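Numbering (this note's numbering), first residue to last: 8 to 121. C-beta atoms are modelled at their ideal positions from N, C-alpha and C, and glycine is treated no differently. Keep in mind it's a predicted model, so treat the numbers as computed, not measured. Step one of this worksheet: look at the structure below.
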């Protein structure tokens, strides 16, 4: 129950109880109203805390994913740099052949034979 609705009901019951203080049903209804409001407030508070927890977990996941993406990006840059170092060197064919052999050894070591 929202606060505005609760306050209207509470004020109404308090007014009725003041007029007829011996009416046990009004007192019982007033107590029930307070209990229900307490339960409602507890559930609202719990749901707010759970939402904050989910938001915090989502932010942590975003940070983790961002760090992982940066790590992958650095790895790709390193691999690209390594690949560019294996360019054909027309002035020394044996150097190019050795670079290719070294490159293939690295590929097989990291990714297996394909």
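Rounded C-beta distance between residue i and residue j? I'm assuming under 8 Å.
i: residue 8; j: residue 43; result: 6 Å
i: residue 6; j: residue 40; result: The displayed coordinates of the chain run from 8 to 121. Any statement about residue 6 would go beyond what the structure contains.
Return the first residue and the last residue of the alpha helix (DSSP H) that residue i is part of.
i: residue 123; result: Nothing about residue 123 can be read from this structure; the chain reaches only from 8 to 121.
Any idea what DSSP makes of residue i, helix, strand or coil?
i: residue 106; result: helix
i: residue 30; result: coil
Going by other Cβ atoms of all chains shown within 10 Å of its Cβ, with 16 needed for buried, is residue i buried or exposed?
i: residue 33; result: buried
As a quick exercise: from the options, pick the residue whose alpha carbon is nearest that of residue i.
i: residue 36; options: 21, 47 and 62; result: 21
i: residue 24; options: 12, 11, 80 and 38; result: 38
Would the beta-carbon of residue i be found less than 8 Å away from any heavy atom of the ligand MN?
i: residue 110; result: Among the ligands in the structure shown, none appear at all, so the ligand MN cannot be discussed.
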